[in-house]
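Notes to accompany the following structure.
In UniProt numbering, the protein residues as written are 1 to 237.
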């Protein structure tokens with residue numbers, strides 16, 4: 001592992017109001033799929049070359065969660081989402097950055113600022129490239145969703161040895177009635193099944209955060225116990 005730097009930062013919690021968080025960061029050059037999986041299995045997430053996880057001393061609300069693909073059952077509701085969005089086409093490729101990506105990313109975050117009071121600063125091409133294109137190293141991909149020739153959603157994922165790790169998803173609010181967030185996750189599960197992958201690593205589940213609590217609806221799932229280091233065994237229950 002070519003570790004460029006490692007550090008921790010204290011900041012306002014991204015998920016819970018009136019709470020501080022401490023986040024541990026690792027910046028890794030030329031990380032391969034195996035190294036990425038070892039970190040994801042221990043509760044890290046990846047943005048570009050940066051891996052991070054919360055290490056708050058007095059809080060353990062952020063729980064790494066993964067869906068058990070082989071035992072997941074598509075409900076009638078899930079099938080309705082898939083049926084309703086049959087006209088939407090999807091493509092998997094290595095991550096890219098186009099004007100369509102940047103415009104959609106900006107549109108989505110302006111919408112979330114209005115809907116959920118998210119912090120927002122104008123989309124920066126360098127920041128987008130650093131977070132979602134750089135560092136994919138042959139295992140990072142994007143799933144592009146189109147209505148005819150219009151880009152309406154982008155799902156950033158890592159395809160690892162035993163599963164798919166979700167990185168980030170954004171979409172056109174004009175198409176929200178099609179449940180694109182649900183559609184993207186159901187697509188991940190179907191794709192994982194087709195590739196004989198066991199897990200969908202969904203990042204963090206926080207019970208009292210509306211943007212993350214939905215993850216518990218996708219059963220069966222496991223959560224990571226504790227904060228194991230790279231030298232320690234991990235345990236998902």
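Virtual Cβ for every residue (Gly too), placed ideally from N, Cα, C. Note that the coordinates shown come from a computational prediction; the quantities given were computed from them, not determined experimentally.
query, result
"Identity of the residue in 50, 42, 27 and 24 nearest residue 229 by Cα", "42"
"Alpha carbon of residue 58 to alpha carbon of residue 150, nearest angstrom", "46 Å"
"Spatial distance of residue 208 from residue 202 (CA atoms)", "17 Å"
"Backbone CA spacing between residue 84 and residue 177 [nearest angstrom]", "9 Å"
"DSSP-derived helix/strand/coil call for residue 181", "helix"
"Nearest neighbour of residue 89, chosen from 131, 126, 206 and 146 [CA to CA]", "146"
"Inside the segment 74-126 only - beta strand (DSSP E) runs reaching at least 3 residues", "89-93"
"Residue 140 and residue 95 closer than 9 Å at C-beta", "yes"
"Candidates 206, 210, 213 and 220: closest to residue 200 by CA position", "220"
"Those residues which DSSP pairs with residue 155 across a bridge", "143 and 169"
"Integer Cβ distance of residue 97 from residue 143, believed to fall under 8 Å", "Incorrect: roughly 15 Å between the Cβ atoms, too far for contact."
"Where the alpha helix (DSSP H) containing residue 39 begins and where it ends", "33-40"
"Rounded distance between the beta-carbons of residue 216 and residue 138, thought under 8 Å", "Between residue 216 and residue 138 the Cβ distance is about 32 Å, and since that is not below 8 Å, they are no contact."
"Cα-Cα separation between residue 238 and residue 167, rounded to whole angstroms", "Nothing can be reported for residue 238: it is not among the residues displayed for the chain, which extend from 1 to 237."
"Reduced DSSP category for residue 219 - H, G, I as helix; E, B as strand; rest coil", "coil"
"Separation of residue 235 from residue 116, as counted between CA atoms", "34 Å"
"Those residues which DSSP pairs with residue 5 across a bridge", "27"
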